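At position 255 of the sequence shown (counting the first as 1) the number is 255 in my numbering, and the numbers step up by one without a gap.
See below for the structure under consideration.
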Amino acid sequence: MQGMSWQEVAESGFGKPYNHATRGIEVYRNELYIGTQNLFTFLPQAKMAPLAKLLIIPICRILERIRPEAFITFGGTIFALAGLLSEGCEVWKYNFTTGEWYPVVSNNEGSQLPAGFGNRMNFIASVMKVYRGKLFVGTMSSILTGCEVWMYDGDKWKRVASHGFGDLTNLGVWCAEVYRGELYVGTMNWFKGCQVWKTNDGKSWKKIPLPGGDGFGDRFNVYAWSMEVYQNHLYLGTFNLKTGCQLWRFNGSKWEKVYLPGGDGFGTEENYGIRNMVVYNGKLYIGTASSLFHDGVGCEVWAYDGKEWEEVVGREARIKDGFGEDTNKYAWTMIADSKGNLFVGTLNFNPSIKEFLDITSGCEVWRFNGTGWERVAWNGFGNENNVGARSIIEYPEGSGIIWIGTWNILKGCEVWRS
């Protein structure tokens with residue numbers, strides 16, 4: 001690959017094709033942990049493209065713009081029931097010294113807990129965070145059980161939050177960050193709007209009031225999609241398909257909405273999510289997610305110094321939205337490494353009905369050195385079925401070695417390292 005070489009380092013889907021995406025990723029006690037998304041799929045990708053182009057995309061386009069209330073009800077119902085079509089998420093760890101993968105949460109021999117943490121409706125190990133020497137894993141589940149949080153000390157697992165924090169409509173834990181000595185998590189809630197919870201001991205949880213109530217007073221703020229600490233504030237980015245993404249910040253006692261150039265969605269409602277935030281070169285870098293159902297709009301990258309905004313990748317930037325390809329819909333992963341680089345991995349999806357059988361050309365990975373961008377992986381690492389670069393991390397810490405997990409619904413997720 002241009003500028004970087006890559007090698008595949010895990011069996012597709014960790015041996016199971018229904019593990020079609022990596023999700024949460026974290027380094028804990030010098031080992032790499034990766035969580036999966038596990039869902040049954042009934043059609044090969046070649047047959048899914050016509051189905052998507054003829055039925056799914058047209059319906060979603062209409063609902064998204066004409067009846068957004070119906071769209072989130074439809075989307076919420078799909079997500080609420082998805083956990084019924086799963087064997088349960090898995091967690092795997094990799095030891096750099098031995099060069100081996102080990103099952104941690106899986107139905108494989110030697111695993112500490114069964115898949116799904118013993119509940120097959122936990123179909124995504126969605127987020128991981130180290131806090132007070134423990135590894136915390138948040139899940140996504142069905143509306144029958146709600147999301148959960150599990151704590152791991154390197155030996156034993158303990159469930160520390162269940163039943164959606166007492167609200168089964170909290171289907172997933174979608175982001176996590178440590179701020180002022182406490183662990184904050186944000187939820188996905190298609191029925192009421194996202195919520196934020198915190199803990200100072202890893203066991204008891206407190207709901208953080210949001211201005212206007214759940215979803216920051218807007219039901220369309222379905223996801224608390226990303227969190228980052230910057231200039232002594234906790235920043236939170238939302239998914240909002242009606243107005244476009246929103247950015248909020250918290251000083252420990254009060255929330256404040258952060259102005260975006262052009263308003264919500266950075267001026268376009270099709271910029272419906274703030275998918276990632278990373279502090280890089282003293283600024284807060286934000287990667288967006290654009291609508292999967294509309295042509296002509298790709299992901300964007302913005303930089304913020306606490307006062308002023310700079311469009312780094314976008315319609316008015318030197319590098320156009322989607323890194324020049326509007327099918328790069330999501331800046332799905334983002335990391336600042338120890339060598340002074342910013343990496344962005346994309347979700348590549350082509351909603352154009354004119355290109356009937358072409359649903360993706362595979363994910364891409366871009367590297368930024370502070371002045372210029374370089375594409376360092378493309379065409380899904382040589383496999384177009386790798387639609388998205390779903391997880392990213394530097395491991396071992398300080399090594400400059402980048403690990404990326406993919407979304408591949410055909411044969412299962414792949415893991416690549418530089």
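Cβ atoms here follow ideal geometry from the backbone N, Cα and C, with glycine treated the same way.
All figures in this text were calculated on a predicted structure; none of them were measured in a lab.
For residue 381, the enclosing alpha helix (DSSP H) starts and ends at 379-382. Distance from the CA of residue 333 to the CA of residue 407, rounded to the nearest whole angstrom, comes to 12 Å. Scanning its chain for C-beta atoms nearer than 8 Å, with the 5 sequence neighbours on each side dropped, one finds around residue 396 the residues 27, 30, 96, in chain order.
Residue 251 sits away from residue 238, with the two beta carbons spaced by 8 Å or more. The C-beta separation of residue 224 from residue 147 comes to about 12 Å, leaving the pair out of contact by the 8 Å criterion. When Cβ pairs closer than 8 Å are counted between the two stretches, the segment 69-80 is seen not to touch the segment 106-124, the count staying below three.
Close CB contacts of residue 241 within its chain, under the 8 Å cut and outside five residues either way in sequence, are with 64, 68, 71, 72, 220, 222, 269, 272, 291 (chain order).
Just so you know, the alpha carbons of residue 161 and residue 139 end up roughly 10 Å apart. Residue 266 and residue 319 have their alpha carbons spaced roughly 16 Å apart. Residue 361 and residue 385 have their C-alpha atoms some 8 Å from each other.
The beta carbon of residue 393 is closer than 8 Å to those of 25, 26, 27, 32, 335, 402, 403 in its chain, skipping five residues each way along the sequence. For residue 75, the uninterrupted alpha helix (DSSP H) run begins and ends at 68-82, by DSSP. Per DSSP, the continuous alpha helix (DSSP H) segment holding residue 165 begins and ends at 163-166. Here residue 202 is buried: its Cβ has 16 or more other Cβ atoms, across all protein chains shown, within 10 Å.
By the neighbour-count definition (other C-beta atoms within 10 Å, threshold 16), residue 315 is an exposed residue.
Shown here, residue 391 sits in a strand according to DSSP, grouped into three states. Sequence-distant partners of residue 188 (beyond 5 residues in either direction) whose C-beta falls short of 6 Å from its own C-beta, in its chain, are 171, 172, 174, 223. The three-state reading of DSSP puts residue 282 in coil, since its state is none of H, G, I, E or B.
In its chain, beyond the 5 residues on either side, 83, 121, 122, 147 have a beta carbon closer than 6 Å to the beta carbon of residue 141. Between residue 196 and residue 186 the beta-carbon gap is near 5 Å, inside 8 Å, which marks them as a contact. Scanning 145, 153, 131, 149 for the CA closest to the CA of residue 183 turns up 131. DSSP, read as helix, strand or coil, puts residue 21 in strand. Here the alpha carbon of residue 350 sits roughly 12 Å from the alpha carbon of residue 330. Taking 8 Å as the cut-off, the Cβ atoms of residue 5 and residue 399 do not count as close. Put simply, of 260, 305, 258 the residue whose alpha carbon is nearest the alpha carbon of residue 278 is 305. By alpha-carbon distance to residue 338, the top candidate from 375, 212, 280 is 280.
By the neighbour-count definition (other C-beta atoms within 10 Å, threshold 16), residue 232 is an exposed residue.
The Cβ atoms of residue 259 and residue 249 lie no closer than 8 Å to each other.
Annotation for residue 153: 134 place their beta carbon closer than 7 Å to its own, counting only its chain and skipping 5 residues before and after. For residue 308 against residue 302, the beta-carbon gap comes to about 11 Å, at or over 8 Å, which does not count as contact. Less than 8 Å divides the Cβ of residue 298 from the Cβ of residue 325.
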